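Asker: Protein chains in written order, with this note's numbering: chain A, 1 to 135; chain B, 1 to 135.
For every residue, glycine included, the Cβ atom is placed at its ideal position computed from N, Cα and C.
From a predicted model like this one, the values you see are computed outputs, not experimental measurements.
Before I ask anything, here is the structure I am working with.
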């Protein structure tokens with residue numbers, strides 16, 4: 001069982017630059033009225049973008065840096081009428097490893113900056129991976 | 001830009017117990033002939049499973065602990081005939097933050113052990129998050 005005790009370090013590969021400045025402004029999911037945003041990819045890993053093009057559909061993984069990692073039960077969608085539920089049965093950002101999954105489309109590419117959307121995270125959210133939706 | 005330098009530590013929430021013992025035995029993606037496996041969730045976070053049921057469709061996030069994190073370009077699907085492509089335009093496990101995304105179905109639940117599949121990762125792969133596919 002030693003593998004379950006391994007710690008792994010994540011290094012952000014970029015950051016989201018968005019008009020959404022506060023958690024209160026952020027929709028719960030991208031398709032619920034979220035805007036487009038810029039994804040600024042670090043120069044050190046920009047070579048990894050080769051092959052991406054305008055119109056591509058991606059899955060972005062983000063690090064939800066404002067989340068509470070000690071929470072194991074929540075009211076789904078912050079609705080107190082809904083019973084407390086395990087975080088692994090919800091999309092709550094509060095969870096042991098607060099990774100966000102976001103299906104987005106590339107609107108535009110300017111060197112290591114990608115205009116993408118829709119995306120509901122706040123300005124300054126670290127991005128940890130980019131994957132093609134289909135492969 | 002300070003957010004892009006933040007380091008984040010992941011703590012595995014469980015581990016995959018699979019008949020796949022070596023990378024050579026592993027299919028590239030779950031639907032390509034992968035077996036079912038057991039997901040053993042750590043007791044410390046098992047409360048987070050409350051609300052999950054047999055038949056639910058999930059997205060599992062794993063830490064691909066054998067991956068090479070220094071690779072930025074690969075031949076897609078390890079095919080030398082295909083031109084070198086940025087890792088962010090591929091599903092290669094080799095990438096700066098080697099996180100695997102796996103759509104799976106719950107076949108059975110035994111307390112903190114979930115029988116899930118299909119899943120292509122090797123025995124001992126750490127699991128870092130569980131999310132419902134729909135919410």
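Tell me, to the nearest whole angstrom, how far the beta carbon of residue 132/A is from that of residue 56/A; I am working on the premise that it is less than 8 Å.
Answerer: Correct: roughly 7 Å between the Cβ atoms.
Asker: Give a yes or no on whether the minimum CB-CB distance between residue 55/B and chain A is below 8 Å.
Answerer: Not closer than 8 Å to any Cβ of chain A, the Cβ of residue 55/B fails to qualify, so no.
Asker: Among 93/B, 22/B, 86/B, 120/B, whose alpha-carbon lies nearest the alpha-carbon of residue 46/A?
Answerer: If we check each option's Cα against that of residue 46/A, 86/B comes out closest.
Asker: Between residue 54/B and residue 119/B, how many whole angstroms is the CB-CB distance? I'm expecting something under 8 Å.
Answerer: 16 Å between Cβ atoms; not a contact.
Asker: Among 84/B, 102/B, 72/B, which has the Cα closest to the Cα of residue 29/B?
Answerer: The shortest Cα separation from residue 29/B among 84/B, 102/B, 72/B belongs to 102/B.
Asker: Any C-beta of chain B within less than 7 Å: which residues of the region 98-129 of chain A qualify?
Answerer: Within the region 98-129 of chain A, the qualifying residues are 99, 101, 124, 126, 128, 129.
Asker: Could you check if residue 80/A is buried or exposed, using at least 16 other CB atoms within 10 Å of its CB as the buried criterion?
Answerer: Exposed.
Asker: Could you name the residues of chain B that residue 167/A contacts, counting a contact when the two beta carbons are closer than 8 Å?
Answerer: A query on residue 167/A cannot be resolved here, the shown segment of chain A reaching from 1 to 135 and no further.
Asker: Helix, strand or coil: which one does DSSP assign to residue 80/B?
Answerer: Three-state result, residue 80/B: coil.
Asker: Under three-state DSSP, which class holds residue 32/A?
Answerer: Looking at residue 32/A - three-state DSSP - the assignment turns out to be coil, as it is neither helix nor strand.
Asker: From which residue to which residue does the beta strand (DSSP E) around residue 146/A run?
Answerer: The question about residue 146/A has no answer here: the residues shown for chain A are numbered 1 through 135.
Asker: Distance cutoff 8 Å, beta carbons only. Does residue 10/A sit that close to anything in chain B?
Answerer: At least one chain B Cβ lies under 8 Å of residue 10/A.
Asker: State the beta-bridge partners of residue 110/A as determined by DSSP.
Answerer: Residue 110/A is bridged to 113/A.
Asker: Figure out for me which residue from 22/A, 12/A, 89/A, 100/A has the closest Cα to the Cα of residue 73/A.
Answerer: Closest option to residue 73/A, Cα to Cα, is 89/A.
Asker: Closest to residue 18/B by C-alpha separation, out of 27/B, 75/B, 10/B, would be which residue?
Answerer: Measuring from the Cα of residue 18/B, the nearest candidate turns out to be 27/B.
Asker: Residue 64/B and residue 96/B: beta carbons closer than 8 Å?
Answerer: In this structure, residue 96/B does not lie closer than 8 Å to residue 64/B by Cβ.
Asker: Please determine, among 99/A, 42/A, 117/A, the residue with the shortest C-alpha to C-alpha distance to residue 33/A.
Answerer: Comparing Cα-Cα distances from residue 33/A to each of 99/A, 42/A, 117/A, the minimum goes to 117/A.
Asker: Give a yes or no on whether the C-beta atoms belonging to residue 127/A and residue 39/A are separated by under 8 Å.
Answerer: Going by C-beta atoms, residue 127/A is nearer than 8 Å to residue 39/A.
Asker: Are the beta-carbon atoms belonging to residue 121/A and residue 13/A less than 8 Å from one another?
Answerer: No. Outside cutoff.
Asker: How should residue 1/A be labelled, buried or exposed, when 16 other C-beta atoms within 10 angstroms of its C-beta is the threshold for buried?
Answerer: With a pLDDT of only 41 at residue 1/A, under 50, the local geometry of the prediction cannot be trusted, and the value read off the model is given with reservation. With fewer than 16 Cβ atoms within 10 Å of its Cβ, residue 1/A is classed as exposed.
Asker: If you run the structure through DSSP and keep just helix, strand and coil, what is residue 121/B?
Answerer: In this structure, residue 121/B counts as coil in the three-state DSSP scheme.
Asker: How many angstroms separate the CA atom of residue 129/B from the CA atom of residue 52/B?
Answerer: Taking the straight line joining both Cα atoms gives about 14 Å.
Asker: Run through chain A and tell me which residues come within less than 9 Å of residue 20/B, C-beta to C-beta.
Answerer: Those do not exist, as residue 20/B stays about 14 Å from chain A at its closest Cβ, beyond 9 Å.
Asker: Hey, does residue 38/B have any beta-carbon neighbour from chain A nearer than 8 Å?
Answerer: For residue 38/B, the answer is no, since every Cβ of chain A falls outside 8 Å of its Cβ.
Asker: Relative to chain B, which residues along the region 70-94 of chain A have a C-beta separation below 9 Å, given in chain order?
Answerer: Result list: 71, 72, 73, 76, 77, 83, 84, 85, 86, 87, 88, 89, 90, 91.
Asker: Using only CA atoms, which one of 114/B, 66/B, 84/B lies nearest to residue 24/B?
Answerer: Ranking the options by Cα distance to residue 24/B, first place goes to 66/B.
Asker: Short of 6 Å in beta carbon distance, which residues of its chain neighbour residue 62/A, apart from the five on each side in sequence? Order them along the chain.
Answerer: Same-chain partners within the cutoff: 100, 121, 125, 127.
Asker: Spatial neighbours of residue 138/B within its chain, please: C-beta separation below 6 Å, excluding the five flanking residues on both sides.
Answerer: Summary: the structure shown does not reach residue 138/B, with chain B confined to residues 1 through 135, and so no result is reported for it.
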